[in-house]
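Residue numbers (the working numbering), protein chains in the order written: chain A, 558 to 742; chain B, 558 to 742.
Cβ atoms here follow ideal geometry from the backbone N, Cα and C, with glycine treated the same way.
The block underneath contains the structure these notes are about, expressed in structure tokens.
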DNA sequence: TCGATTTCGCTACTAGAAGTATCGATACCT
DNA sequence: AGGTATCGATACTTCTAGTAGCGAAATCGA
């Protein structure tokens, strides 16, 4: 019988600290900002040793991506038609990016990735691709068009956050939804 | 007679190295990436001492912003009507961000600014505001709408650059122009 | 209970980069 | 020539990512 974990390996089992570390990461980023959210500080906030973090995630960037993956979770692609699906997806992303720490962490790792091909690879394949594929399926749109939508929506939201320090207000999110929907029609 | 420089102060005058430093900054960012474009390296590429850079710009972020200000220059807001003005402005920004080093430098300083209020202030007032005001004037649109346009255009272009490592291709820039123009109409 | 195995916490360490301090040398004006 | 301010060079402090090593703790099997 090949179970998910066929036979637990010998030795001390890993402590289930992922959830605690993710929470500590987001709250630390929210409190002191991405630049000052050092791994030392995150470990202290989580109540574990820094070395334990590096045993699980190979770099700070990978930790942030894992944290974002956990925070975003699967995309809720619901709606009666394509327009409703896309509109609800945009509002969902906007709300997530507005949550404490998430937008700042996203912008931070995104910036780190600009000149770090390895991190860019992680970000693209682990974070973006699942949503891209789900959207291609749900909207019946080709890859390049879905990528364009993602660039517009996420880029706009992050630019607003980066320039003002505050998430985009609802009225502007409405305008963003309307603008993208007009392209979809 | 109050001239621009009424009387030159005594002592050794500053060497005119700004242009050399800006060129060295962009080429260094283009060669080794924003993260590895250290002030030491930029100074070496410019053939001057690192201390001289810090005598002129208070921080690396300020240096990058000054470099971008120099690289972008005044916005060429030309066109027979509002649509032509906006379309040409978008294509101009897209071309600039695609130039070697400029996009990467922009993305880098932008990311640094997310959690650095002082740098965000510099970026917002020195780099964004002049273009925003010129666009408000040229398009006859209110501030919040012009800010929305800027978020969409710059955010989209930077997100594409950050995710793929390459500037946006012409076909997608065309789509971006068309999408924004539909909002303007 | 004992041993094997693996993870954990802790301390110390290296490497790299931002930014500062100091000082002799240099360029310009009067 | 003298006064003044900048330049180049070196050294330094501080902070952070990431690594190394070691004793302690947890779990399983015998």
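Practice problem: Examine the Cβ distances between the region 597 to 614 of chain A and the region 658 to 665 of chain A and report whether three or more of them are shorter than 8 Å. | Solution: no
Practice problem: Indicate whether residue 709(B) and residue 709(A) have their beta-carbon atoms separated by less than 8 Å. | Solution: Taking a C-beta distance under 8 Å as the contact criterion, residue 709(B) and residue 709(A) qualify as a contact pair.
Self-check item: Per-residue DSSP class, three states only, for residue 729(A)
Solution: The three-state reading of DSSP puts residue 729(A) in helix, counting H, G and I together.
Quiz item: Got a sec? Which residues, its chain only, sit under 8 Å from residue 700(B) by beta carbon, not counting five neighbours each side?
Solution: 689, 693
Self-check item: Best match in 733(B), 643(B), 639(B) for proximity to residue 717(B) [C-alpha to C-alpha]
Solution: 733(B)
Exercise. Would you tell me roughly how many angstroms separate the C-alpha atoms of residue 622(A) and residue 679(A), rounded to the nearest one?
Key: One Cα belongs to residue 622(A), the other to residue 679(A), and the distance between them is close to 8 Å.
Exercise. Determine the burial state of residue 657(B): buried for a count of at least 16 other Cβ atoms within 10 Å of its Cβ, exposed for fewer.
Key: exposed
Quiz prompt | Cβ-based contacts, 9 Å cut-off: residues of the region 667 to 685 of chain A near chain B | solution = 667, 668, 669, 670, 671, 672, 673, 674, 677, 680, 681, 685
Practice problem: Return no unless some Cβ of chain B is closer than 8 Å to the Cβ of residue 697(A). | Solution: no
Self-check item: First and last residue of the uninterrupted alpha helix (DSSP H) at residue 660(B)
Solution: 659 to 671 is the extent of the alpha helix (DSSP H) around residue 660(B).
Quiz item: the region 700 to 713 of chain A: which residues have C-beta closer than 7 Å to a C-beta of chain B, in chain order?
Solution: 705, 708, 709, 711, 712, 713
Quiz prompt | Straight-line gap, residue 611(B) to residue 619(B) (C-alpha atoms, nearest Å) | solution = 10 Å
Practice problem: Please state whether DSSP places residue 584(B) in a helix, a strand or coil. | Solution: helix
Quiz item: For residue 613(B), is the beta carbon positioned less than 7 Å from some heavy atom of the ligand MN?
Solution: This structure simply doesn't include the ligand MN, nor any ligand for that matter.
Quiz item: Counting only beta-carbon atoms, is residue 739(A) nearer than 8 Å to chain B?
Solution: yes
Quiz item: Which chain B residues are close to residue 661(A), counting only those with a beta carbon under 8 Å from its beta carbon?
Solution: 671, 672
Quiz prompt | Positions along the region 581 to 612 of chain B whose CB lies within less than 9 Å of some CB in chain A | solution = 586, 589, 590, 591, 592, 593, 594
Exercise. With a threshold of 16 other CB atoms inside 10 Å of the CB of residue 724(B), please say whether the residue is buried or exposed.
Key: buried
Quiz item: Sorted by chain position, which residues of the same chain lie with C-beta nearer than 6 Å to residue 730(B)'s C-beta, five sequence neighbours on each side aside?
Solution: Closer than 6 Å at Cβ, skipping near neighbours: 651.
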